[in-house]
């Protein structure tokens with residue numbers, strides 16, 4: 002076949018998955034092309050203009066620790082940084098930042114344009130070229146053929162995208178952009194099991210028409226916590242967001258007009274995310290709530306556009322305008338862009354291996370919403386993994402995967418490829434068994450070694466990581482070596498904070514575990530010479546390790562005790578239907594999930610203890 | 002699956018014995034035994050057939066045979082049961098023959114294992130079957146049957162749901178900080194955990210009784226020579242089993258009988274008296290006594306109430322000190338020495354007469370007393386399995402840790418670490434709760450999401 006151009010790796014889609022994939026692949030030395038429908042919309046935030054949040058922030062820090070780019074880009078373009086769960090323990094704290102949408106796009110594009118080995122190409126991929134079940138390149142709408150040893154599909158909501166507003170529907174990838182219909186059909190031709198999912202977005206308002214006084218302001222953190230381990234300080238001026246509420250009047254109007262909603266008329270078949278419900282859903286499913294919370298999020302420094310977070314809807318635009326004006330403070334507000342719902346194709350992620358390559362076609366990788374996930378961060382981490390593996394494959398190197406015990410990325414991939422999805426998949430901290438060990442601030446300690454091995458973590462980042470590790474080791478030694486004695490001046494004040502009765506002498510490490518102890522208190526108890534050179538974040542890090550170590554150990558022993566069989570492999574030759582007595586339904590669940598280990602089987606939803614016992618007996622005697 | 006065979010009735014001579022086959026060759030083997038190639042017994046029907054060895058003139062026995070067709074059998078495989086006469090000779094011949102027809106001897110528990118593998122029962126049911134087979138009394142059998150019906154899982158289900166409710170509340174607070182969730186009522190959570198812990202304790206406390214029902218209680222009767230241990234033993238077991246004379250040291254061996262006390266299987270051991278051994282045989286008997294004491298759950302220390310306490314009595318009491326014991330002051334039919342009665346402060350004391358049977362029922366009650374009420378017909382569900390007991394205790398301990406963390410104002414993720422451990426322990430009995438289950442519960446409870 003004659004090709005117009007040849008690359009090692011070709012990435013389809015310039016969203017959050019595509020950008021990470023292309024950047025990683027190129028930086029690993031693979032000649033890489035990023036093909037996108039519109040170069041000006043690289044790194045577009047199609048939904049809310051924010052990155053991070055509980056568990057999602059963890060993902061971004063993991064991406065950064067591995068050598069990805071999302072953390073650095075948001076650090077340069079974030080206009081409201083907040084560390085969530087600040088009042089809770091360090092394992093469940095997570096950074097979140099609202100972005101200047103336009104700046105983020107620009108920064109991402111600049112980052113990619115400055116990446117050696119990476120070529121940007123505008124156009125639409127309409128077919129995958131394969132030979133002997135192996136990918137060889139893509140065919141473009143304009144007739145160009147581009148060769149590639151590996152292809153990453155990161156097409157977002159574009160695959161067979163169908164937008165709904167009220168009873169009207171039209172094909173589109175996002176509002177104002179064409180859908181990718183032929184590529185979706187090509188995937189079906191290759192035999193992939195394809196399903197439909199749905200997501201939605203709220204209307205954007207003209208900031209000049211909002212009565213800001215009616216809302217409660219929410220400030221950025223004074224001491225912003227960055228996403229990237231390389232960021233020293235956040236430079237962007239920080240802005241306020243605003244909180245408001247719907248009223249019963251709005252709810253009544255929505256209920257009266259439910260027949261206009263494609264969600265309730267049966268027009269939308271795709272399943273939407275439960276944790277991101279439309280305002281219609283909230284009003285119907287939680288009818289006893291007399292108000293629902295709304296966030297007004299300015300989209301950037303240089304725009305009037307305001308994102309009405311919490312008001313996702315697919316009602317007709319005219320009605321949206323009426324509803325918005327029933328909200329206190331928005332009586333005079335105008336909608337700039339109406340909200341809408343979009344249905345799109347996804348491919349069953351159980352088609353994937355842990356490297357995000359599909360089993361069906363060698364050299365083909367899927368990342369992002371095509372795998373049934375939702376969220377920029379979820380997409381980006383898959384893009385990074387797929388990009389790394391595509392490049393490794395093009396170079397004939399061994400594949401790269403992460404375990405769920407060591408990372409949220411590992412949890413996400415493991416869940417996807419073993420359990421598939423019934424609704425758009427979002428990461429939560431509760432999905433991670435080892436939540437206490439997977440902190441946002443120790444992502445580098447967990448993962449940078451892998452990023453370094455693979456070749457994505459550069460010398461200066463690696464150097465910085467090692468320095469920090471040494472500093473923290475020193476602090477830990479100091480915490481263990483220094484003791485507070487009942488004769489010390491500080492003792493009485495401490496005893497008031499935490500019960501110390503009868504304690505003659507206690508190490509700072511043990512003292513820090515007691516209730517009421519904060520890093521500030523411990524800091525004051527450190528020797529002067531330690532304090533003078535100490536980074537507070539390093540101390541927080543050391544104290545977090547110290548706080549959780551006992552819990553992590555006891556949890557490990559419980560899991561080892563109860564889930565001793567988790568590592569038992571399930572031979573891929575095992576025919577679940579032939580397991581006598583396994584009900585049809587159970588066999589089917591197993592067959593669809595294709596678990597590789599007993600542990601993976603245990604996590605398949607809906608599998609009964611009896612079915613698991615049957616399976617266990619079978620694999621342990623196999 | 003190869004075909005396995007086992008004799009399912011206890012060893013020894015008996016009226017009938019049952020031989021079981023499971024596996025695809027079961028029916029073929031039966032045909033060979035009855036020497037009819039086309040023998041097609043209706044499934045689940047009992048048929049009287051003659052069983053032969055290699056030739057038609059070599060009759061082994063006439064037996065009732067039943068064929069169970071897969072999957073409608075205990076193991077889910079093709080099975081055959083043969084009820085023949087319980088002669089060891091007949092059984093040995095049949096077993097040899099069946100193995101010659103390419104069945105192999107079953108490993109212990111292999112029938113149940115196959116039943117598990119074929120989804121005929123889950124692990125906890127399998128454990129219950131084992132208990133049912135080993136059940137020594139009716140009450141124990143009733144408990145095992147209850148467990149078999151999944152009553153343990155049922156008894157735990159509401160506790161587990163409560164625990165999930167608490168987890169859901171705390172998880173939501175952690176996971177959805179920006180959502181407009183109701184504020185957590187810490188008091189309410191603390192109370193729920195208290196109630197939950199109490200429920201688990203109630204259930205795990207039944208283990209003592211449940212364990213008794215299953216394994217029975219071992220009681221040893223001890224005392225210096227000639228205080229009437231054997232007469233008391235005979236009264237308890239209602240058999241003239243032990244040789245009773247008034248010559249000290251008559252009982253040289255330990256005798257054991259199993260009786261049913263209020264539905265509890267109790268094995269009672271009559272022991273040789275405590276004294277310096279005069280001959281070798283007696284020395285062996287005394288050594289056995291010491292072993293019986295070590296093995297016993299409960300000791301009955303027999304004292305002669307008609308004469309004052311002797312040095313040997315004190316020695317016996319010293320030996321009993323580290324065990325549960327009840328003092329039986331015997332010979333209540335004779336004039337009593339008042340000082341004896343006052344020597345057992347704080348111990349459980351019963352006055353009995355082995356001769357007149359006076360106080361025997363009090364003694365029986367005193368034996369069972371420390372093991373809680375085992376009015377098994379009235380009692381609810383009882384834990385009989387040590388694994389279940391262990392899991393429940395550990396779950397309770399995790400709940401206690403969580404409560405302590407809450408009390409100290411610890412952050413939710415620490416409280417949750419212990420609550421999830423508790424849930425894992427309960428899940429090992431009732432089936433797992435996945436994080437997806439928890440998330441579903443969150444989304445149906447709270448309005449989540451911007």
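Residue numbers (the working numbering), protein chains in the order written: chain W, 2 to 623; chain Y, 2 to 451. We put the CB at the ideal spot given by N, CA and C, even for glycine.
{"Check": "Compare the Cα-Cα distances from residue 350(W) to each of 544(W), 154(W), 404(W) and 52(W) and report the closest residue.", "Outcome": "154(W)"}
{"Check": "Residues of chain Y with CB under 7 Å from residue 90(W), in chain order?", "Outcome": "412, 414 and 415"}
{"Check": "For residue 51(W), which beta-bridge partners are listed by DSSP?", "Outcome": "99(W)"}
{"Check": "Take residue 402(Y) and list the residues in its own chain whose beta-carbon comes closer than 7 Å to its own, dropping the five residues that flank it on each side.", "Outcome": "419"}
{"Check": "My guess is that residue 583(W) and residue 612(W) are in contact by the Cβ rule of under 8 Å, so how many angstroms apart are they, rounded?", "Outcome": "6 Å"}
{"Check": "Can you pull the chain Y residues whose beta carbon is under 9 Å from the beta carbon of residue 287(W), in chain order?", "Outcome": "447 and 448"}
{"Check": "Okay, do the segment 63-79 of chain W and the segment 374-387 of chain W touch, 3+ Cβ pairs below 8 Å being the bar?", "Outcome": "yes"}
{"Check": "Any C-beta of chain Y sitting closer than 9 Å to the C-beta of residue 523(W)?", "Outcome": "no"}
{"Check": "Do residue 354(W) and residue 426(W) have their beta-carbon atoms positioned less than 9 Å apart in this structure?", "Outcome": "no"}
{"Check": "Look up residue 216(W) in the DSSP assignment and say whether it is helix, strand or coil.", "Outcome": "coil"}
{"Check": "Residue 512(W) and residue 499(W): beta carbons closer than 9 Å?", "Outcome": "yes"}
{"Check": "Could you list which residues in chain Y have their beta carbon closer than 8 Å to that of residue 86(W), in chain order?", "Outcome": "175 and 178"}
{"Check": "Let me know the secondary structure DSSP gives residue 111(W) once reduced to three states.", "Outcome": "helix"}
{"Check": "Out of 181(Y), 111(Y), 201(Y) and 300(Y), point me to the one whose CA is closest to residue 394(Y)'s CA.", "Outcome": "201(Y)"}
{"Check": "Work out the CA separation of residue 39(W) and residue 1(W) for me, nearest whole Å.", "Outcome": "Residue 1(W) is absent from the model: chain W starts at 2 and stops at 623."}
{"Check": "From the DSSP output, in three-state form, read off residue 79(W) for me.", "Outcome": "strand"}
{"Check": "Write down the C-beta distance between residue 1(W) and residue 103(W) rounded to the nearest angstrom, noting that I regard them as a contact closer than 8 Å.", "Outcome": "For residue 1(W) there is no data in the structure shown, the boundaries of chain W being 2 and 623."}
{"Check": "Closest Cβ-Cβ distance between residue 56(W) and chain Y: below 9 Å?", "Outcome": "yes"}
{"Check": "Below 7 Å between beta carbons is the criterion; list the residues of the segment 410-440 of chain W that meet it against any residue of chain Y, in chain order.", "Outcome": "429, 430, 431, 432, 436 and 437"}
{"Check": "Against residue 268(W), what residues of chain Y qualify as contacts under a CB-to-CB distance less than 7 Å, listed in chain order?", "Outcome": "Those do not exist, as residue 268(W) stays about 22 Å from chain Y at its closest Cβ, beyond 7 Å."}
{"Check": "Beta carbons nearer than 9 Å to chain W: which residues of the segment 177-204 of chain Y have them?", "Outcome": "177, 178, 179, 180 and 181"}
{"Check": "Out of curiosity, what's the CA-to-CA distance linking residue 488(W) and residue 496(W)?", "Outcome": "12 Å"}
{"Check": "Spatial neighbours of residue 541(W) within its chain, please: C-beta separation below 6 Å, excluding the five flanking residues on both sides.", "Outcome": "520"}
{"Check": "Ignoring anything shorter than 4 residues or poking outside the segment 337-415 of chain Y, list the alpha helix (DSSP H) runs there in chain order.", "Outcome": "339-342, 361-369 and 387-408"}
{"Check": "Closer than 9 Å, CB to CB, is residue 429(Y) near chain W or not?", "Outcome": "yes"}
{"Check": "Go to residue 299(W), then tell me how far its beta strand (DSSP E) extends in each direction, as first and last residue.", "Outcome": "294-299"}
{"Check": "So, at 7 Å on beta carbons, what are the nonlocal neighbours of residue 251(W) in its own chain, with the 5 sequence-adjacent residues on each side left out?", "Outcome": "324, 327 and 328"}
{"Check": "Please tell me whether residue 395(Y) has its Cβ less than 9 Å away from any Cβ of chain W.", "Outcome": "yes"}
{"Check": "Cβ closer than 7 Å: which chain W residues qualify as neighbours of residue 436(Y)?", "Outcome": "431 and 432"}
{"Check": "I need the DSSP call for residue 599(W), collapsed to helix, strand or coil.", "Outcome": "helix"}
{"Check": "Give the straight-line distance between the Cα atoms of residue 321(W) and residue 282(W), rounded to the nearest whole angstrom.", "Outcome": "15 Å"}
{"Check": "Specify, as a first and last residue, the run of the alpha helix (DSSP H) that residue 531(W) falls within.", "Outcome": "529-534"}
{"Check": "Measure the CB-CB distance between residue 33(W) and residue 4(W) and report whether it falls below 9 Å.", "Outcome": "no"}
{"Check": "Identify which residue in 577(W), 585(W) and 614(W) has its Cα closest to the Cα of residue 596(W).", "Outcome": "577(W)"}
{"Check": "Mind pulling the beta strand (DSSP E) runs of 3 or more residues that sit fully within the segment 228-263 of chain W?", "Outcome": "242-246"}
{"Check": "Provide the residue span of the beta strand (DSSP E) that contains residue 5(Y), from first to last.", "Outcome": "5-8"}
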